[in-house]
Amino acid sequence: MSLLEQVGPGAAPGSGGPAVVARVARASSRRRLRQDLASYLFLSPYLLAFLVFTVVPVGFGIYVSLHKWSEVSGDQGFVGLGNYAALLSGKGYYGSEFFESMANTLIFVVISVPFLWAIPTILAYLVSRAPAKPLWRMLFFYPAVFSATAFSTVWSYLLATNGGSVNTLFHVNVQWLTSLPEAWISLDVATIWATMGFNFIIMYAGVTQVPKSTMEAAELDGAGAWARLRRVVLPQLRPVSVVVVVISTIASFNLFAQSLIMTGGGPGTSTTTISMAIYQEAFNSFNAGTATAMAFLLAIVLAVIALAQYRFALRRS
Amino acid sequence: MATDLSTAPARDEGSPARVASPTIHRRRLRPSKVALVGSLAVVGLVMLFPALWVLTTAFAPRTEQASGAIIPAALSLYNFHFLFSLPANEYPVLRWLENSIGVSAVAAVAVATIDSLAAFALARLNFRGQKVMFYIVISSLMVPFIAILLPLYLEFSKLGLLNTYGALILPYTSNAFGIFLLYQFFRAVPQELQDAAVADGATRFDLWRKIFLPLSLSITVTLALLTFMNVYNDFFWPLVSTSSASMRTITVGIELTTVGQYTTNYTALMALTVFSVIPMLLAFVFAQRRLVEGISFAGITG
């Protein structure tokens, strides 16, 4: 930008003979180098952190995933793409573990994401037309103060079969955490309760950006509340919706603490997610090679899904 | 996207809307408003109930073990006494909270500083390789943490840094989200301000220190706050990077207690949960508007 022009006026064109031009050019290129280095000083703390805590782990991870590797005894030999092949074959111990935990995670994603988009969207629209906005915002957002382990512990208590609040209140004896499909419902309800507040805040910010006059025009044209939501608000919310859907999808794919605490991955292994499988493979079976390969496959799936969602959104708008 | 949305309403919020507002105000009192508030109230109550149950259970007296009742017979601090009297070598509850607060605070300040410096260079300086640097920062946003969790663990293990505060803090410093947040802010600052300072002999560091950092103080504090929340609530990394009870953070502590021998001691568990939420609650009460603005801004700008 113009900073360079300000700080270093440099060699003005058409001044002096060729020798002078060369000398000025050399001096200015040296000055430019110094200035570039000074600029990089500002970036260097981030670049260093990025190198050591992102680039090196990615590179090292690729290396580990191509080996049989144990956290205890280290490198056990190069296996090429063997770890990946075993996982992607869907057969054998690792293959079925990978496919099953992936399928389990997908169940959760497919249930949670629509709710994590729809509930905040409808609430945001309703709140935008209601009085006492700060009160509603507080009510829908406050569960964000709970960490995943905290709200999972809370819901383990609320949904406990014996002595749990929900069963006590409704005088029923439902096995919320130890049978199917109740376990999935419980994980989804707990997650939606705790995390939809973030999406609500984003969607609400989106709703307030819908021009007032557009809404009033639609109202004068006789559009009811539902029609206005569908025809006026939702199209305007498309960009924000994409952000919310992508964030929610990635967060749901990373489901970990809730399953670990609320269901323990059960009944059986039916709520064992891909993150739990990676954790178990890495820290219970000390099978770092397979665990890293699993994590990279998950990362690829996440990247493809996020790109597809952005693509889809761009094409439709 | 943010620009085309923000220019459109500017025109629409002109006089016609303002003139029309009295009629709209009268319309607000229609019965549909009652239905609207009613349905919001129902959802609000559903949202509120879990926290009420948690509170009444946490403050239940000793004699009243978790019964699932919403209204307790009496209130007491017994469960909190119980928590703090647990063996300190296994359940140092206060230490867990201190660890969490300390680690999150240091990470928040570090991230805010690192990201502010980087965003300033990318947005306001001019140097060779700037575009490349920008794409590097973008690409770093696409690496999900789960992908590097295990290699990072192995790396820290090699460095002999597992089970230290360094392990709990350092990985969070490689997070480019804040760079984007501040980049957008810095781009909007008028060039004249910078040119005038440069004409007065300001160095690059002066520009950051005396102009851009003060101008962006509000959004930088918001970034620090979001980072604090994020680190405070994180679970997977502190779970794997620490091993001794005294180095655990509160989120890991809760998990260990919940799946451990106190798994059905709901009154103690709810007290622990309430205890763990205190710093977040304070942040929420004192900086709710800031948080809301930060999340909105992040969501709207994608």
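From first to last, the protein sequence lines stand for chains P and V. Each number in our numbering corresponds to the 1-based position in the first sequence with 2 added. Each number in our numbering corresponds to the 1-based position in the second sequence with 308 added. Ideal Cβ positions, reconstructed from N, Cα and C, are used throughout, including at glycine. Computed from a prediction, not measured in an experiment: that's the story for all the values here.
{"Check": "Please confirm if V/Y540 has its CB atom under 9 Å from at least one CB of chain C.", "Outcome": "No chain C is present in this structure, whose protein chains are P and V."}
{"Check": "Spell out the partners DSSP gives P/F80 in its beta bridges.", "Outcome": "P/H69"}
{"Check": "Under 8 Å Cβ to Cβ from V/T581, same chain only, skipping five residues before and after it: list those, please.", "Outcome": "V362, A366 and I562"}
{"Check": "Along the chain, where does the alpha helix (DSSP H) that runs through V/E406 open and close?", "Outcome": "V401 to R432"}
{"Check": "Under the three-state reduction of DSSP, which class applies to P/P237: helix, strand or coil?", "Outcome": "helix"}
{"Check": "Once the 5 residues before and after P/M278 are set aside, which same chain residues still bring their CB inside 8 Å of it?", "Outcome": "S103, F258, S261, L262 and G267"}
{"Check": "Would you identify the three-state DSSP class for V/R495, choosing helix, strand or coil?", "Outcome": "helix"}
{"Check": "Starting from the C-beta of P/I280, find all residues in its chain whose C-beta is less than 6 Å away, skip the five residues before and the five after it, and write them out in chain order.", "Outcome": "A293, M296 and A297"}
{"Check": "Quick one: any contact between the stretch 444 to 462 of chain V and the stretch 481 to 488 of chain V, if contact means 3 or more CB pairs under 8 Å?", "Outcome": "yes"}
{"Check": "Counting only Cβ-Cβ distances shorter than 8 Å, please list the residues of the stretch 454 to 466 of chain V near chain P, keeping chain order.", "Outcome": "I454, A455, I456, L457, L458, P459, L460, Y461, L462, E463 and S465"}
{"Check": "What residues in its chain sit with their C-beta under 8 Å from that of V/I487, if we drop five residues either side in the sequence?", "Outcome": "D423, A426, A427, L430 and V445"}
{"Check": "Please list the partners that P/T155 has in chain V, where partner means a Cβ-to-Cβ separation under 7 Å.", "Outcome": "I562, T566, L577 and T581"}
{"Check": "Do the stretch 543 to 560 of chain V and the stretch 495 to 505 of chain V meet, that is, are 3 or more Cβ pairs less than 8 Å apart?", "Outcome": "no"}
{"Check": "When you compare only the Cα positions, how much space is there between P/I2 and V/P339?", "Outcome": "This structure does not reach residue 2 of chain P, given that chain P is present from 3 up to 319, and the question cannot be answered."}
{"Check": "Please work out which residues of its chain come closer than 7 Å, Cβ to Cβ, to P/F202, disregarding the five sequence neighbours upstream and downstream, and give them in chain order.", "Outcome": "P122, L125, A126, F142 and F143"}
{"Check": "For a contact meaning CB atoms closer than 8 Å, what does V/Y574 contact in chain P?", "Outcome": "Y159, A162 and G165"}
{"Check": "Output the boundary residues of the alpha helix (DSSP H) element that contains V/G352.", "Outcome": "P339 to A366"}
{"Check": "For V/R370, return the contacting residues in chain P, with the cut-off set at a CB-CB distance below 8 Å.", "Outcome": "Going along chain P, no residue has its Cβ under 8 Å from V/R370, so there is no contact; the nearest lies around 16 Å."}
{"Check": "Which value, in whole angstroms, describes the spacing of the CA atoms of P/L171 and P/A220?", "Outcome": "44 Å"}
{"Check": "Can you list, in chain order, the residues of its chain whose CB lies under 8 Å from that of P/L239, leaving out five sequence neighbours each side?", "Outcome": "T123, M205, G208, V209 and V212"}
{"Check": "Helix, strand or coil, according to DSSP, for V/F536 in the structure here?", "Outcome": "helix"}
{"Check": "How is the alpha helix (DSSP H) around P/Y2 delimited, first residue to last?", "Outcome": "For chain P, the structure presents residues 3 to 319; residue 2 of chain P sits outside this window and is missing."}
{"Check": "Given this structure, state the Cα-to-Cα distance separating P/S287 from V/F357, to the nearest angstrom.", "Outcome": "40 Å"}
{"Check": "Let me know if V/I586 comes out buried or exposed under the rule of 16 or more other beta-carbons within 10 Å of its beta-carbon.", "Outcome": "exposed"}
{"Check": "Give a yes or no on whether the minimum CB-CB distance between P/I307 and chain V is below 9 Å.", "Outcome": "no"}
{"Check": "Closer than 8 Å by C-beta to V/E601: which residues in its own chain qualify, once you throw out the five before and the five after it? Chain order, please.", "Outcome": "T530"}
{"Check": "How is the alpha helix (DSSP H) around V/A455 delimited, first residue to last?", "Outcome": "F453 to K466"}
{"Check": "Could you work out which residue in V/V440, V/F435, V/E463 and V/L402 is closest to P/Y65 when comparing CA atoms only?", "Outcome": "V/E463"}
{"Check": "Using the Cβ count rule (16 or more neighbours within 10 Å means buried), how would you classify V/V417?", "Outcome": "exposed"}
{"Check": "Expressed to the nearest angstrom, what Euclidean distance is found between the alpha-carbon atoms of V/L348 and P/T216?", "Outcome": "24 Å"}
{"Check": "Counting contacts by CB-CB distance shorter than 9 Å, is V/P339 in contact with chain P?", "Outcome": "no"}
{"Check": "Just to confirm before moving on: does the CB-CB distance between V/Y615 and V/V411 stay below 9 Å?", "Outcome": "What is shown of chain V runs 309 to 610, which leaves residue 615 of chain V out entirely."}
{"Check": "Give the straight-line distance between the Cα atoms of V/Y574 and V/W545, rounded to the nearest whole angstrom.", "Outcome": "26 Å"}
{"Check": "Check distances from the C-beta atoms of the stretch 191 to 209 of chain P to those of chain V and list, in chain order, the residues that come in under 7 Å.", "Outcome": "W195, F200, I203, I204, A207 and G208"}
{"Check": "In terms of alpha-carbon separation, which member of V/Y443, V/M537, V/Y570 and V/F592 lies closest to P/S158?", "Outcome": "V/Y570"}
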